[in-house]
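Just so you know, we're using our numbering here: the sequence shown kicks off at 1089 and counts up by one. Heads up, the beta-carbon is just placed ideally off N, CA and C, and yes, glycines get one too.
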Amino acid sequence: KRMHSKRGRGPLYISVQLLVANLDRLPFSTPSMSFSDLILSAFLSILSILARFFHRLRRAIRRLHPPPMIRTANYHFLRSCPYTCQYCFYPDTNSSFLPLPVALRGLRLLRAAGFSKITFSGGEPFMHPKHLAAMVRACKEEMGFPVVSVVTNGALVREAWMEENGWAVDVMSVSCDSFVVETNVRIGRAKGERDRGHVERVFKLREWCAKQGVVFKLNTTVSKANAWEDMREPVQALKPQRWKVFQCLPVPGENCGEGAPRDASDLFITQQEYAEFLARHEGLCSDVATIPEPNVLMRNSYCIVDQNMSILRNDDERKIPTRSILEVGVEAALEEAKLDVTSFKARGGEYKVVRPAACGASVPDW
């Protein structure tokens, strides 16, 4: 822009001027050089200068007109979980997570890079409630994230935690794949075969969200285990602001294939089975926005940040981590991840979050 503002001089003029200014750096003075060598040397020097110029021009254009990017990050800061869901794509294989100061440094980098929404997930985030509380508070109060979200199965959430930290959480996304006890046990969404309280805990958490004015979202993964189920009545009773309906996603190395810690191969469904489930649940009340997420839209449309602050690339089914943003920065990691912005928008990844007024109303028992 500056080059074109004075006397209409363009890139070619500037390149020639740079060449003239750098003549002393060219090997013209070597007596043994032939005329063709001189021409070749000058030509290569011009190419080098032009390459540097266009590289700087490209960087300037990107700063003035940044390309579309996903500004929502899902920070899966741990793998630990009390449940053993067969189709989990980030299963419990270790109990490690970054120290709080290191995690906060990575979160600050995301905020400085323009991210406006941060979602804490796992594993189960409430395996370490104090660590989670410190992060959501810092993201909301210190870093100024417009939207702070938590994804949980509800097994370990306590009302006291919601009372102390609900102000710092805009959205609570609760995973519930079935309202039938036996189905939840079969899937692994239970703390052992005798645990029959998952659905009850989901409804309790819905009440706590209402009391604190936290947006309540419902996440459901459709598989062979629950594709037949009619969930209209309980979903209407919960009245989530958004109901995300995922098609069970195969992730080699995580929930299927050689060396995977989980095997969900008998739970994956066809596109037709998924479509039938969606058709059965059409026409829910207007307060509930149903968001379908088939496999084709999920792949590489999430900015998933793992335990080491690497972004997971998933365009070829298997998740491949980039270099950590703590080492190379957010921009370099995003370049490696090559996230699918089009699919992100197609699945409704961009939406306005409006917190409801806090109230003491209870949720009706369906």
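Just to check my reading of the structure: residue i and residue j have Cβ atoms closer than 8 Å, yes? What is that Cβ distance to the nearest angstrom?
{"i": "residue 1350", "j": "residue 1313", "result": "Actually they do not touch by this definition, with Cβ atoms about 14 Å apart."}
{"i": "residue 1258", "j": "residue 1393", "result": "Actually they do not touch by this definition, with Cβ atoms about 18 Å apart."}
{"i": "residue 1389", "j": "residue 1435", "result": "6 Å"}
{"i": "residue 1256", "j": "residue 1287", "result": "Actually they are not in contact, since the Cβ atoms of residue 1256 and residue 1287 sit about 27 Å apart, beyond 8 Å."}
{"i": "residue 1184", "j": "residue 1395", "result": "6 Å"}
{"i": "residue 1250", "j": "residue 1304", "result": "Between residue 1304 and residue 1250 the Cβ distance is about 11 Å, and since that is not below 8 Å, they are no contact."}
{"i": "residue 1381", "j": "residue 1179", "result": "Actually they are not in contact, since the Cβ atoms of residue 1381 and residue 1179 sit about 20 Å apart, beyond 8 Å."}
{"i": "residue 1401", "j": "residue 1426", "result": "7 Å"}
{"i": "residue 1322", "j": "residue 1365", "result": "Going by Cβ atoms, the distance from residue 1322 to residue 1365 rounds to 15 Å, so no, they are not a contact pair."}
{"i": "residue 1320", "j": "residue 1355", "result": "About 22 Å separates the two Cβ atoms, so there is no contact after all."}
For residue i, which of the options has the nearest alpha-carbon?
{"i": "residue 1475", "options": "1290, 1297, 1300, 1318", "result": "Within the shown structure, residues of the chain are numbered from 1089 to 1454, placing residue 1475 beyond reach of any answer."}
{"i": "residue 1437", "options": "1446, 1332, 1175, 1357", "result": "1332"}
{"i": "residue 1285", "options": "1241, 1386, 1409", "result": "1241"}
{"i": "residue 1280", "options": "1143, 1337, 1205, 1171", "result": "1171"}
{"i": "residue 1035", "options": "1210, 1254, 1199, 1218", "result": "Residue 1035 lies beyond the residue range present for the chain, which begins at 1089 and ends at 1454; the question has no answer from this structure."}
{"i": "residue 1167", "options": "1181, 1265, 1230, 1127", "result": "1181"}
{"i": "residue 1359", "options": "1336, 1292, 1409, 1419", "result": "1336"}
{"i": "residue 1187", "options": "1219, 1292, 1177", "result": "1219"}
{"i": "residue 1368", "options": "1316, 1190, 1377", "result": "1316"}
{"i": "residue 1192", "options": "1347, 1208, 1357", "result": "1208"}
{"i": "residue 1410", "options": "1398, 1417, 1402", "result": "1398"}
{"i": "residue 1161", "options": "1443, 1421, 1446", "result": "1421"}
{"i": "residue 1431", "options": "1339, 1122, 1383, 1252", "result": "1383"}
{"i": "residue 1407", "options": "1418, 1417, 1391", "result": "1391"}
{"i": "residue 1357", "options": "1413, 1213, 1310, 1136", "result": "1310"}
{"i": "residue 1271", "options": "1446, 1122, 1174, 1418", "result": "1174"}
{"i": "residue 1226", "options": "1246, 1252, 1196", "result": "1196"}
{"i": "residue 1385", "options": "1134, 1140, 1429", "result": "1429"}
{"i": "residue 1361", "options": "1376, 1334, 1269", "result": "1334"}
{"i": "residue 1165", "options": "1132, 1134, 1439, 1206", "result": "1206"}
Name the DSSP bridge partner or partners of residue i?
{"i": "residue 1164", "result": "1209"}
{"i": "residue 1463", "result": "The requested residue 1463 is not part of the displayed model; the chain covers only 1089 to 1454."}
Does DSSP put residue i in a helix, a strand or coil?
{"i": "residue 1387", "result": "coil"}
{"i": "residue 1408", "result": "strand"}
{"i": "residue 1134", "result": "helix"}
{"i": "residue 1401", "result": "strand"}
{"i": "residue 1377", "result": "strand"}
{"i": "residue 1441", "result": "coil"}
{"i": "residue 1416", "result": "helix"}
{"i": "residue 1259", "result": "strand"}
{"i": "residue 1122", "result": "coil"}
{"i": "residue 1446", "result": "coil"}
{"i": "residue 1117", "result": "With a pLDDT of 48 at residue 1117, under the threshold of 50, the modelled position of that residue is not reliable, and the figure given next carries that caveat. Residue state, collapsed to three classes: helix."}
{"i": "residue 1367", "result": "helix"}
{"i": "residue 1426", "result": "coil"}
{"i": "residue 1254", "result": "helix"}
{"i": "residue 1352", "result": "coil"}
{"i": "residue 1127", "result": "helix"}
{"i": "residue 1147", "result": "helix"}
{"i": "residue 1140", "result": "helix"}
{"i": "residue 1435", "result": "coil"}
Following a CB-centred definition, is residue i positioned closer than 8 Å to any heavy atom of the ligand GDP?
{"i": "residue 1324", "result": "Ligands are entirely absent from the displayed structure, and the ligand GDP is therefore not among its contents."}
At 4 residues or longer, what runs of the alpha helix (DSSP H) sit wholly inside the region 1262-1347?
With a minimum length of 4 residues, the continuous alpha helix (DSSP H) runs that stay inside the region 1262-1347 are 1269-1275, 1286-1300, 1320-1326.
Taking only runs that begin and end inside the region 1166-1252, name each unbroken alpha helix (DSSP H) of 4 or more residues, in chain order.
Runs found: 1188-1200, 1217-1225.
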